[in-house]
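Residue numbers (my numbering), protein chains in the order written: chain A, 491 to 757; chain B, 394 to 675; chain C, 31 to 322.
The C-beta atom is built at its ideal place from N, Cα and C for all residues, glycine as well.
For reference, the structure discussed in these notes is given below.
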């Protein structure tokens, strides 16, 4: 574990992912076009902007979940560690092991808590019981769920509270040791207290994982983000308006639109 | 215009109650009649001995065995075929795709085809063209064609009832669609599959017309799947239509058939519950 | 320690294999539908070529061994027995659904629904058997011989009643209960609401149920074979014995050869066409329901 962290730390300043002129079409209609953006390793990148501006669509391109939606077309380039992933020879399955996703609505499988984590591990080749148990325990501790559920690991995950479910989903993604974690408004379906717990958890991932988070909550973006990207709809198509460090986006925006949005005048 | 008193029953209320009560009465009449006349004949011996004197005496042992074998052939063929087709329809084609619509429309027609027409087809294709003759195999295969639409329809509904979040979640974890299907969707769709299975078995056990010219009439104990075998429903038909004095045993056979259908229903409910419980625990 | 050393992104083949296997299954299913139609046509073709369509209605009688192929009496038999059953089962089935949905006390409506489901599950041979030993002698007392069009209608009514009732109830359950509260607030009686709001709103659903019931009645073989007497004649009263198309196939298939056998496949083809038309009508109705 140590060694992989070391290698990751040494790469911190490099972009882990980079998109070039990325566009997504649903049939003939464009969801967003021409997004060029770096995603830095070990940092938290927050995608902000009003509803329907293509943030979530952008996120789902990054691990090719768009493959599952019929009639979608992705144009442009996405590189992960300098490998082009928008390439038919790239296995989307192997890609998604390295780039995990957390959805807005927590979606634990209808299994026990233990099996929710063991199932993806087993499918990716880890079968030994003691190794499974160890990995599951460390990951659950990592997301702060261990003390809450250690006595009922073998009961259904569907009986957990909303916040616990979301943390379980994060644990389920983390247990596969991804390099990049994509979060699509992970707190918006939760009550304020659970939301705070999940937010602290996400902030604690900084440095160990590359995180991209879509959020409607500007305060949240400011609290936990290192970089921020503002998306906006122009002529019914989503566009990347401005990209920069959180500091710069919130205190010294280059665009008037950004200034208006972060100050609550537009949006 | 006097005010209508509360005790006065209006005509529509009266008619609707009359319909319900008479339907209930006729239903009780049918079941009561079969129970009344059948239960006296029913015994362990009836279930375990061969029919004698064209079925007037003796039991129904070989007929039960033939029925089970026909059913087994039918399910062995139709289950994988229908689950496979349902998975393709529900997971790999959209509802508006041309291929999906074509398959669905032909299944709708297939579902409406009268069983006697399946009998004609089974006779021409399985018995004669493929040379299987009058046999349990021919009968089972004919029934498999017949229950296919029911099985596919309910299996497809079962798969469509599984929340999309499961599929997205599995894809986001880098699980292959094959794995997702076997480990996640199939267990989650089981209630739908079981419902279809019950309907299918129910229709197959009850079927007569499709079997007359495919599995045949022979009431001896079958020695292989290529032997002719008489199903329970054909036995009832034959005893009541072609055998004078066969009514007593026909009643008992009808009772056995009804009990079998009830058992299938009960068992399926039980299995579905058991499966659900296990899935949540482990 | 790294758990997953596999950092290459080359594709796996397992999903492709799965997809091709599934396509194979679906193709087989499709082939069965094609095969059934093809075999009916193939077997019906000889007699259609040698004798032609017209003689199935114009020949003096049905004596296929002697080369007379008049199917009209059987067509009339099928038509009348189906028509009678649908006319009787429609009010009974819809009435049952209204009872369940709007009139029955809660415990009774659950029980009645179960009963209708059970009724739907009784095998046709059991209906036929009961008709033969109970109903036919009763009708026989009224007017011999007892095996008759009337017996067929009665049994078929019982058999298609559940189909109609279950479809009707499904349509009723989609009518919002607010209508009833709204109507009650206006002082409109339950029956008036059903008649003027529920029935018009569920028209197409009820009609689909009737079509499904009609399909089941036309195709039913065993029950009508057992209670209708099977005399080849155009009936003049409901006490006359009749033979339906389906019963004709079941009765003669065992010994039919050559053109006779082929003629039976022609009647199978006719049944199939009738069903296809009914399915198309039902589908048209349900589409209207969605868009209109």
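In the displayed model, residue 508 of chain A falls within a strand according to three-state DSSP. Put simply, the CB of residue 509 of chain B is near chain C, with a gap under 9 Å to one of its CB atoms.
Measuring C-alpha to C-alpha distances from residue 485 of chain B to each of C:127, C:80 and C:50 identifies C:50 as the nearest.
Contact check between the region 192-205 of chain C and the region 225-242 of chain C: three or more CB pairs, one atom from each, fall below 8 Å, which counts as touching. Under the three-state reduction of DSSP, residue 751 of chain A is assigned to helix. If you draw a 10 Å sphere on the C-beta of residue 421 of chain B, you find fewer than 16 other C-beta atoms in it, and that means exposed. Contacts with chain A (Cβ-Cβ distance below 7 Å) from the region 571-594 of chain B involve 572, 576, 577 and 581, listed in chain order.
Below 8 Å, too few C-beta pairs join the region 602-610 of chain A and the region 585-595 of chain B to call them touching: fewer than three. Residue 109 of chain C is not a Cβ neighbour of residue 517 of chain B, given a cutoff of 9 Å.
Residues 294 of the same chain have their beta carbon placed closer than 7 Å to that of residue 283 of chain C, with the five preceding and five following residues left out of the count. Within chain B, no residue has its beta carbon less than 8 Å from that of residue 285 of chain C; the closest one is some 11 Å off. Pairwise C-beta distances place the region 591-600 of chain A in contact with the region 553-573 of chain B, as three or more of them are shorter than 8 Å.
From the listed residues C:192, C:142 and C:90, the smallest Cα separation to residue 119 of chain C is found for C:192. In the DSSP assignment, residue 238 of chain C falls within the unbroken alpha helix (DSSP H) covering 233-249. In this structure, DSSP gives residue 489 of chain B a state outside helix and strand, which the three-state scheme calls coil. Here the C-alpha atom of residue 170 of chain C lies approximately 11 Å from the C-alpha atom of residue 271 of chain C.
Contact check for residue 571 of chain B against residue 234 of chain C fails: the beta carbons are separated by 9 Å or more.
Comparing C-alpha distances from residue 554 of chain B to each of B:479, B:619 and B:447 shows the shortest one belongs to B:479.
The beta carbon of residue 549 of chain B does not come within 9 Å of any beta carbon belonging to chain A, so the residue lies off that interface. Excluding residues up to 5 positions away in sequence, 633, 634, 657 and 660 lie with their Cβ nearer than 8 Å to the Cβ of residue 691 of chain A in the same chain.
For residue 551 of chain B and residue 569 of chain B, the gap between their C-alpha atoms comes out near 21 Å.
Of C:308, C:266 and C:278, the smallest CA-CA separation from residue 296 of chain C is found for C:278. A contact is defined here as three or more CB-CB pairs under 8 Å, and the region 533-541 of chain B meets this definition with respect to the region 457-467 of chain B.
By the Cβ criterion, the region 505-513 of chain B is not in contact with the region 426-445 of chain B, since fewer than three pairs of Cβ atoms, one from each stretch, lie closer than 8 Å. When secondary structure is reduced to three states using DSSP, residue 619 of chain B falls in the coil class, being assigned neither helix nor strand. Any Cβ of chain C closer than 9 Å to the Cβ of residue 652 of chain B would place that residue at the interface, and such an atom is absent.
The beta carbon of residue 543 of chain B sits closer than 8 Å to those of 504, 589, 592, 593 and 596, all from its chain and outside the five residues before and after it, given in chain order. Listed in chain order, the non-local C-beta contacts of residue 115 of chain C below 7 Å within the same chain comprise 183, 186, 187, 190 and 247, local neighbours out to five positions each way being set aside.
Going by beta carbons, residue 639 of chain A and residue 670 of chain A fall outside the 9 Å limit.
The region 453-461 of chain B and the region 609-622 of chain B touch, with three or more beta-carbon pairs separated by less than 8 Å.
Between residue 552 of chain A and residue 529 of chain A, the C-beta spacing is below 9 Å. Along the length of the region 247-301 of chain C, whole beta strand (DSSP E) runs at least 3 residues long do not occur. Cβ-Cβ distances below 6 Å link residue 289 of chain C to 77 in the same chain, with the five nearest sequence neighbours on each side left out; the list follows chain order. For residue 693 of chain A, the CB contacts under 6 Å within the same chain, skipping 5 residues up- and downstream, are 714 in chain order. In this model, residue 543 of chain A and residue 526 of chain A are separated by some 15 Å (Cα to Cα).
Among the CB atoms of chain C, none fall inside 9 Å of the CB of residue 555 of chain B.
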